[in-house]
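**Q** Please find one structure pasted underneath; my questions will follow.
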Amino acid sequence: MASEVRTTCCYCGVGCGVIVSTDGQQVLGVRGDPDHPANFGRLCSKGSNLHQTARPLVQQQVRALAPALRVLRQGVRAPVSWEYAVEVAAGRIANAVQAYGPDSVAFYISGQLLTEDYYVFNKFAKGLLGTNNIDSNSRLCMSSAVAGYKQTLGADAPPACYEDIALADVVFIAGANMAYAHPVLYRRLEAARAARPEMKIIVADPRRTDTAAEATLHLPILPGTDVALFNGMLHLCLWEGFADQAFIAAHTEGFDAIRDAVRDFTPAHVAAICGIPEADLLQAARWFGSARAALSLYCQGLNQSSSGTAKNAALINLHLATGQIGKPGAGPFSLTGQPNAMGGREVGGMANLLSAHRDLADPQQRAEVAALWGVDAVPAERGLTAVEMFEAAAEGRIKVLWIACTNPAQSMPDQKLVRAALEKVDFVIVQEAFASTATVAYADLLLPATTWAEKEGTVTNSERRITRVRAALPKPGQARHDWEIAAQVARAVAAKLEKPGIRFDYPDPESVWNEHRASTRGRDLDITGLSYALLEQQGAQQWPYPEGAQAGRQRLYEDGVFPTPSGRARFVPTPYVPVAEPADARYPFQLNTGRLRDQWHGMSRTATSPQAFAHVAEPSLQMAPDDMARRGLAEGDLVHVTSRRATLILPVRADPGQRRGQVFMPMHWGPEYVSGRGPALGVNGLTVPAIDPKSFQPELKNAAVKVLKAELPWRFAVFAWVDEAQALRLQARLRSYYGRFAFAACTLFGRERCGVLFRAADDYAAAPALVSEIEALFGIEGALVLRYEDTRRGNARRMLVRDGQLQAVALAGDTAAEQWLRQLLETGADVRSLGRLLLSPSATAPQGFKARGKVVCSCLGVAEAEIAACLAAAAPGEDGLARLQGELKCGTSCGSCVPELKRMVAAAAQV
Ligand code: SF4
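In C-alpha cells form, the structure reads like this:
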C-alpha cells in the first residue's frame, strides 16, 4: 500500500522538505514539500535524485548491514552479534579510560547526524567519559562562522532568514557558489531578482562560478584576501559617510578601534592585495553602504581558511558599521554546508562547545550541564578539534577512536597524516550506513547505522528552522539508529565504569530531543515552546521559540540588543593575514577546492546513481586556458598535481572561470574514485592541515601546488553497460586494481541504464593478463568479442555488440576513439552499418558523428550540443532561455541547470 511521508533532504543546509512516496519497503519517488517554508516544493538536482540512491538494488550493494569485528589488525572483519559488538566497544572504551584516562578516547562525528544522535554522543563523551574529545566534520564546514558570530554578536546564531533574500536591495555573496551548493535558495534569489531587477548582486569569489557569472558585479579576489576586501569596503563606507552612526552609538562597542584598524585599508592598497580594479571595490562599497537593506550570504570561501574567523568577523563589522542587521532584508547570513551543522552546534557537539550554546570556560554553565546529565562535572578544557584529533592519534595519544557518519579518510586535509593516525589508533570504531567509504577500511569494529528515509528525529537548517526527519522505511538488515547505538554502548560503558547517575535509557528519539529542549531553557536558542507534536501539527519552526511563544523568531536582533554582557554587538579588529601556504616558485599554483552541482561530499550516496555523473563525469583539475597554453597542456592531458604533501595524477580541463595561477579540483574526488600507484589519497592528499587559531577550521581551499605534464603514453579505457544490481560491486572490485597503474579512475554513467567506466594510464603497457582480467570483469571475454590487435604498436580494441548495439568496449594503448565509441554505446545507436570502422586502427569518428558534449540538464538529459543547436536556430532577439525551456524543456524541472543555461545563452549571443 503506497503512502507518503514528509521528511527532509539529507544534503545541504537549505533543509528542504521532501515528500517520500513509499510502499513501506522501498522509496517509490520523491517530490518537494510544497508546504515546507525552506523550499515551497522545490528540490535541486541532488534532492530530486534521492529516490534513485535509495533503491534496494543500490542499497544492497553498498550498505553496512551487520556489525563486524576485525580480530587481527590486518585481518578481515567477521560478522558478530550486536550484543557482542556492544560488549567489545564498551570494553575497549572502558579499558582505555581506566588505563590512560578519558582523553585517550575520541569521537569524530558528523553534521549529517540528526540533533538527537548528536546529543547522545555529546553526553556520552563529555558527561559519561569526561572528555571533550568530541568533534565533528562540521569543523571542516562552519566552525569559523560559529567563532565569527560569537566574537561579534555574542552568540552562534545566524540573524537573518530566507525571506530576507526577497527583501534585500543588495545581496553580497562571499565565498559561496550558491548555484551549486545551495541551489534551492539560489532559485529564491533568481526569483527575487526577476521581481525586482534593480536588486544588486555582488559576488566575491576567486573563480567565475555560475553564481559569479550572474552577478551584477563579480569581484574575482585573489584566494584568501577576503579580510582585506571587507576591511577595504568598511574603510570606504566610513570615509564616504555610509556609516550608521546612530546604530553604532546605540548598539555596538569597539567602534574607535575598528575605525583605526581599517584606516590603512585604502582602496589602492586593497585593490592591489585582492587583485581587483579599484573602481569595482568602490562600486561594491557604495552599493553596500547606500543600500536600504544589504544581505550577505557566505559559506566555505570564508570558513575553510586559516583566517576564517577573521573573515567572518570582518564581514560582520561591515554590517554593524552600516546598521545592516536586525531589519528585513539585511544581515550577515552564513549558509550552512551540511544538513544539520546547526543542530550539532545547538547541542554543543564539538570539542570547544557546550550544550545549548553554553560556554565551556564558564563554571556555572558547566555545572548546569553536569546537573542536567546527573554527573559531578563536565571537563573545562576544550578537547581536540578535528585536525588536532588526527594529529594526536598519529602520535599514539588516542587509543579508541569512534567515527560516526563521516569519512575522514576522504574529507580531512593531509590524508597521509590521517591514514597514519587511523593505523596507529588501537581500536577504530566506524559507525556507518555505507560500507563503501574509504574510512570503513580502517574499522576494527563496524557498526551498521540507518540513514536517510530510515531515521526519525530533527535537523536545523541555515535559518534556525527545526524540521522533523521521518522514517519511510524500516531499518535494513541489522542496522540501528545512530542515537540508539551510542546510547546502547554508553549504558554498557556506564556499567563498567560504575557511573549509574547518568542515564541513557531513551525509549525513542523524542525523549532525547526533550532532554535537549530542557537544556535550552533561558538560552538564546530557547526551544521550550516546541515539541514533536507541534512540529507535526504546524510544520518546521525557527528558534528561539520559548515556552508561551506563538511562533519562532524569524529575524534576530531587531531590538538592537545582542547576547553580550553589555547587550551591544562588538566590533573586532581583523588584520589581514595571507593564506597559510602561498604559491611560490616551486609550487606556483594556488589549489582551490569546492563543490560540483550534482554530487555531495565524499559521494557515498550521490555516486550510487549514474545520473549524478551526467553533469561532470570524471575527476579532473580545472585550469585557466592561458596557463594550459603556456605549459603546452591540451584538454584532457594527464598532469601530476603536487603539493608539499602528496602527488595526484589527473586529467586537466580548461576553465575560463579560473584566474591565471589558480587551479580548482572538486572536493568530492576521493581515493574511492581516483588513484594510482602509491598511497590512495584523493584530493585531500594535497590539501593543507593549517587551522584557524580561533575556529580550528582547516584551510581546505588553499594549497600551493605545481602542475606538470604526466608522460603516460599507454592508456586504457573500458566502459560497458552492466547489471545495475552489480554495478557498485564491480566498481568496488575495480578499486583493487588502482594501484597497478600510474593513474586510474572509476565512475558510473548512464540514465535509463547503468554503465561503469574504468580508466587507467601508465608509462608502459600493462601485462596482457592484467588487461584481460579487467576486461573480463566487464564481460569482455569469449568468442563473441570483436577484436582488433596491433601488437607492434601495443594497441588493442575489443568490444561486445548485442542486437546491433555496443554493450562493452575496451581500448588499450591508443584510446583516441573513446569519445565517439562511448557516445555510440550511450545513445544505443545501431552500429551494424559501421562495419570495419569499429575495429579499424583509425581514431576517426564515423561520418556525420556529432559529439553531444556533457549533459547540462540532468533531470531531462539535455546535452551541450542539443542546447547549442537550439540556440543557433533562435530568431534574432528571441529569448534564448525561454526557447531552450520551450523546445528542449531543459531547466524546467529542478532548475539547477538554469544558471549554466543562461551562461550558454549569453555566450551564444556573443558569437
Ligand atoms: Fe537538498 Fe538541494 Fe534542498 Fe540542499 S537545496 S536541501 S541539496 S534539495
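Those letters in the sequence shown? Residues 661 to 1571, per this note's numbering, in order. By construction, the Cβ of each residue, glycine as well, lies at the ideal position given by its N, Cα and C atoms.
Do A766 and N797 count as a contact pair if the criterion is CB distance below 8 Å?
**A** No, these two residues do not count as a Cβ contact at 8 Å.
**Q** Any heavy atom of the ligand SF4 closer than 7 Å to the Cβ of N699?
**A** Yes.
**Q** Going by alpha carbons, who is nearest to A1505 out of C1519, W1480 and D1383?
**A** Of the listed residues, the one whose Cα sits closest to A1505 is W1480.
**Q** Hey, A1240 and F1249 are a contact pair by Cβ (cut 8 Å); roughly how many whole angstroms apart?
**A** With 8 Å as the limit, A1240 and F1249 do not qualify as a contact, their Cβ atoms being about 15 Å apart.
**Q** What residue range is occupied by the uninterrupted alpha helix (DSSP H) comprising R1459?
**A** The residue you asked about is not Arg; residue 1459 is Met in the sequence shown. Element bounds for M1459: not the alpha helix (DSSP H) but the beta strand (DSSP E), N1455 to R1462.
**Q** Assuming Q685 contacts R715 under a Cβ cut-off of 8 Å, what Cβ separation, rounded to an integer in Å, is found between them?
**A** Going by Cβ atoms, the distance from Q685 to R715 rounds to 11 Å, so no, they are not a contact pair.
**Q** For the ligand SF4, is there any heavy atom lying closer than 7 Å to the beta carbon of P843?
**A** P843 Cβ: within cutoff of the ligand SF4.
**Q** Using the DSSP secondary-structure output, state which residues sit across from Y628 in a beta bridge.
**A** Past the boundaries of the shown model lies residue 628; the chain is included only from 661 to 1571, so the question cannot be answered.
**Q** Buried or exposed: where does Q998 fall if 16 or more other Cβ atoms within 10 Å of its Cβ makes it buried?
**A** Its Cβ being crowded by 16 or more others within 10 Å, Q998 is buried.
**Q** Who are the near neighbours of N972 in its chain, counting only those whose CB is closer than 6 Å to its CB and skipping five residues on each side?
**A** S804, A805, G808 and L962.
**Q** Cβ-heavy atom distance between G1003 and the ligand FAD below 7 Å?
**A** As presented, the structure is devoid of the ligand FAD, carrying the ligand SF4 as its sole ligands.
**Q** Measuring only the C-alpha atoms, how far is I908 from D870?
**A** Rounded to the nearest angstrom, the two C-alpha atoms are 36 Å apart.
**Q** At a Cβ threshold of 8 Å, is L1437 touching chain D?
**A** Among the chains in the structure shown there is no chain D, since it carries only a single protein chain.
**Q** At a cut-off of 7 Å, would you count K1115 as near the ligand SF4, judging by its Cβ distance to the nearest heavy atom?
**A** No, the Cβ of K1115 stays beyond 7 Å of every heavy atom of the ligand SF4.
**Q** What do you reckon, is the C-beta of K810 under 7 Å from a heavy atom of the ligand SF4?
**A** Checking the Cβ of K810 against the ligand SF4 gives no.
**Q** Sorted by chain position, which residues of the same chain lie with C-beta nearer than 6 Å to A872's C-beta, five sequence neighbours on each side aside?
**A** So the list reads V863, D865 and H878, once near-sequence residues are dropped.
**Q** Between which two residues does the beta strand (DSSP E) holding E664 run?
**A** S663 to T668 is the span of the beta strand (DSSP E), which, as asked, contains E664.
**Q** Identify whether W1260 lies in helix, strand or coil by the three-state DSSP scheme.
**A** Looking at W1260 - three-state DSSP - the assignment turns out to be coil, as it is neither helix nor strand.
**Q** Could you check whether the segment 1061-1071 touches the segment 1323-1339, counting it as contact only if at least three pairs of C-beta atoms, one from each stretch, sit closer than 8 Å?
**A** Yes: the two stretches touch, three or more of their Cβ pairs being nearer than 8 Å.
**Q** When the Cα atoms are used, what is the spatial distance from N1596 to E1449?
**A** Any answer about residue 1596 is impossible in this case: the structure gives the chain only from 661 up to 1571.
**Q** May I ask you to list the residues that DSSP assigns as paired with Q1282?
**A** For Q1282, which the question treats as bridged, DSSP gives the partners R1313 and F1324.
**Q** What does the Cβ neighbour count give for S1500, buried or exposed, with the cut at 16 atoms within 10 Å?
**A** Per the 10 Å Cβ criterion, exposed.
**Q** Does DSSP put L774 in a helix, a strand or coil?
**A** Correct three-state label for L774: coil.
**Q** Along the chain, where does the beta strand (DSSP E) that runs through K1115 open and close?
**A** Looking at the DSSP string, K1115 is not in any beta strand (DSSP E), and its letter there is neither H nor E.
**Q** Measure the CB-CB distance between V1232 and Q1545 and report whether it falls below 8 Å.
**A** Cβ atoms of V1232 and Q1545: not closer than 8 Å.
**Q** Kindly indicate which three-state DSSP category W1143 falls into: helix, strand or coil?
**A** Of the three classes helix, strand and coil, the one that applies to W1143 here is helix, per DSSP.
**Q** In its own chain, which residues sit with a C-beta less than 7 Å from the C-beta of L894, not counting the 5 before and 5 after it?
**A** The answer, listed in chain order, is V922, N977, L978 and A981.
**Q** Helix, strand or coil for Q1386? Go by DSSP, reduced to three states.
**A** DSSP places Q1386 in helix when its eight states are reduced to three.
**Q** So for Y958, helix, strand or coil by DSSP?
**A** Correct three-state label for Y958: strand.
**Q** To the nearest angstrom, how far is it from the Cα of G935 to the Cα of P880?
**A** Approximately 8 Å between the Cα atoms of the pair.
**Q** For Y778 and D824, what's the separation of their Cα atoms in angstroms?
**A** Roughly 29 Å between the two C-alpha positions.
**Q** Whole angstroms is fine: what's the gap from R1452's alpha carbon to E1478's?
**A** Taking the straight line joining both Cα atoms gives about 21 Å.
**Q** Excluding the five sequence neighbours on either side, which residues of its own chain have a C-beta within less than 6 Å of the C-beta of A1081, listed in chain order?
**A** Around A1081: F1050, A1053 and A1054.
**Q** Per DSSP, which one or two residues make a beta bridge with F1249?
**A** In the DSSP output, where bridge partners are listed per residue, F1249 has V1365.
**Q** Taking DSSP's pairing of strands, which residues face F1418 in a bridge?
**A** Partner(s): V1378 and C1406.
**Q** So, are the CB atoms of Q719 and C1065 less than 8 Å apart?
**A** The answer is no: Cβ separation not under 8 Å.
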